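Its first residue numbered 79, the sequence shown is counted upward by one per residue in this note's numbering.
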Amino acid sequence: MTDHLEALVRELVPPVIGVLVRRGADFAAAEDAVQDALLAALEAWPADPPGDPKGWLVTAAWRKFLDAARSEAARTARELRVHTEPAPGPVTDGDDTLELYLRCAHPSLTPASAVALTLRAVGGLTTRQIAEAYLVPEATMAQRISRAKRTVSGVTLDERGSLVTVLRVLYLVFNAGYSGDVDLSAAAIRLARRLHAVTGHEEAAGLLALMLLHHARRPARSRPDGSLVPLAAQDRSLWDTDLVAEGIMILQSALARDRLGEYQAQAAIAALHCDARSTAETDWVQVVEWYDELVALTDSPVHRLNRAVAVGEAEGARAGLAALEPLDPKLPRYAAVAAHLHEKDGDLSRAATLYAEAARRATNVPERDHLTREAARVRQAPERP
């Protein structure tokens with residue numbers, strides 16, 4: 079199947095699930111039926127593309143649902159309530175996409191389950207693709223998705239999740255990055271675009287802008303061997319300027335509404351990094367100001383940690399260390415930030431020790447290797463007078 083057709087199929091998954099739910103199918107049964115129809119479309123459409131793709135999927139999915147319902151009725155000796163199958167034909171327009179996002183990000187779900195269900199029910203990915211992306215067995219992912227669907231099947235409209243939870247789930251998908259044959263960052267951007275189009279919410283715009291600005295820098299973030307390249311050493315000519323321009327445009331439109339949220343603030347910080355020709359030319363004073371806004375909004379220790387780095391660039395290493403001092407040393411990346419600030423302050427022995435400690439705490443191999451190399455580099459550097 080061409081990329082265009084595959085993208086079309088996945089875009090149609092949420093509205094088709096919505097049609098089945100409106101016709102009386104419960105959420106879990108509707109999602110299963112649409113997944114079966116999606117697989118049939120992936121096989122049939124390359125040779126015989128339908129004139130009405132949505133109508134084709136609705137008809138195929140409804141038949142799958144009826145077949146499953148009749149089979150269940152036969153097993154349980156219960157009378158099937160649905161007696162007639164709607165004739166194929168045009169499907170009424172109705173956008174249930176937001177409802178589907180909210181169901182899949184319901185607060186009763188764990189973050190991992192919400193992510194998996196969102197990728198399948200809204201993103202149109204197969205269970206195998208999601209399992210490969212998260213490096214778990216397909217059976218494990220199938221169980222996770224099945225449990226999640228059972229949990230949200232009984233959710234009524236006034237019990238659904240909030241937009242804040244949806245945004246958090248999409249950001250989790252984006253940060254999962256790439257593994258297997260599915261680029262989860264690209265999938266998250268696609269879902270964020272759709273959510274922004276459906277809601278028009280300024281924080282949905284902020285999240286989309288943040289994703290675009292981060293994704294624009296991706297080509298420069300690693301070397302061919304997979305090793306990490308820190309921001310200061312990145313070749314900025316590799317950054318995708320079209321994505322940067324789009325992200326900044328979306329962000330400016332959101333900020334103009336004067337309803338600041340955490341994703342807009344994060345996107346503003348990312349925009350300042352993208353706007354600078356080098357780390358030294360970054361407007362670090364503005365970065366600190368945006369981190370002040372972000373901390374006021376969230377009081378997040380992680381944002382306070384990142385703020386300490388910015389303070390160190392704007393006001394000097396001692397000021398950065400002072401900003402770091404109240405924070406819990408057990409925070410993820412605390413040792414790495416402390417190492418950077420101590421190196422900047424000239425205390426190379428302490429910096430090397432902290433880089434080595436950060437490497438031991440690293441949660442992935444590229445990060446561990448990078449921090450190990452940093453520790454070795456600082457140990458070999460001559461002491462400053």
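Virtual Cβ for every residue (Gly too), placed ideally from N, Cα, C. Here the structure is a predicted model, which is why all the values come from computation and not from measurement.
- Partner residues in the beta bridge of L306, as assigned by DSSP, are S300.
- Q364 and L350 do touch by the CB rule: their CB atoms are close to 6 Å apart, below 8 Å.
- Sorting S305, G394, G284 by C-alpha distance to the C-alpha of Q342 places G284 at the top.
- When secondary structure is reduced to three states using DSSP, D126 falls in the coil class, being assigned neither helix nor strand.
- In this structure, A345 is the residue among A345, L269, F143, T277 with its C-alpha nearest to the C-alpha of I326.
- C-alpha of A459 to C-alpha of W368: approximately 34 Å in a straight line.
- In the structure shown, D261 falls within a strand segment according to DSSP collapsed to helix, strand and coil.
- Closest option to L409, judged by alpha-carbon separation, among R428, A395, D423, T441: T441.
- Rounded to the nearest angstrom, the gap between the Cα atoms of P189 and A374 is 25 Å.
- Here DSSP, grouped into helix, strand and coil, assigns L286 to helix.
- Under the three-state reduction of DSSP output, G202 falls in the coil class, being neither helix nor strand.
- The count of Cβ pairs closer than 8 Å, one atom from the segment 268 to 284 and one from the segment 304 to 320, stays below three, leaving the stretches out of contact.
- By the criterion of a C-beta distance shorter than 8 Å, H381 is surrounded in its chain by Y369, L372, V373, once the five residues flanking it on both sides are discounted.
- The residue from R198, P379, G133 with its alpha-carbon nearest to that of A266 is R198.
- When secondary structure is reduced to three states using DSSP, A294 falls in the helix class.
- Burial is judged here by how many other beta carbons sit within 10 angstroms of a residue's own beta carbon; E452 has at least 16 and is buried.
- Secondary structure at K408: coil, using DSSP grouped into helix, strand and coil.
- A115 and A323 have their C-alpha atoms spaced approximately 38 Å apart.
- By the C-beta criterion, the segment 215 to 233 is judged not to be in contact with the segment 126 to 138, since fewer than 3 inter-stretch pairs fall below 8 Å.
- With a threshold of 16 other beta carbon atoms within 10 Å, R301 falls short and is exposed.
- Separation of A108 and L144 (C-alpha to C-alpha, rounded to the nearest whole angstrom) is 10 Å.
- Closest in C-alpha terms to H82, from the list W123, P93, A220, comes W123.
- Excluding residues up to 5 positions away in sequence, S305, L306 lie with their Cβ nearer than 7 Å to the Cβ of H448 in the same chain.
- Under the three-state reduction of DSSP, Q312 is assigned to coil, being neither helix nor strand.
- Inter-residue distance for A388 and W362 is about 6 Å (C-alpha atoms, whole angstroms).
- At a Cβ-Cβ threshold of 8 Å, L98 and V112 count as neighbours.
- The criterion of a C-beta distance shorter than 8 Å is not satisfied by W317 and A348.
- With respect to the 8 Å criterion, A106 and S231 are classified as neighbours on the basis of their beta carbons.
- T137 places its beta carbon 8 Å or farther from that of L187.
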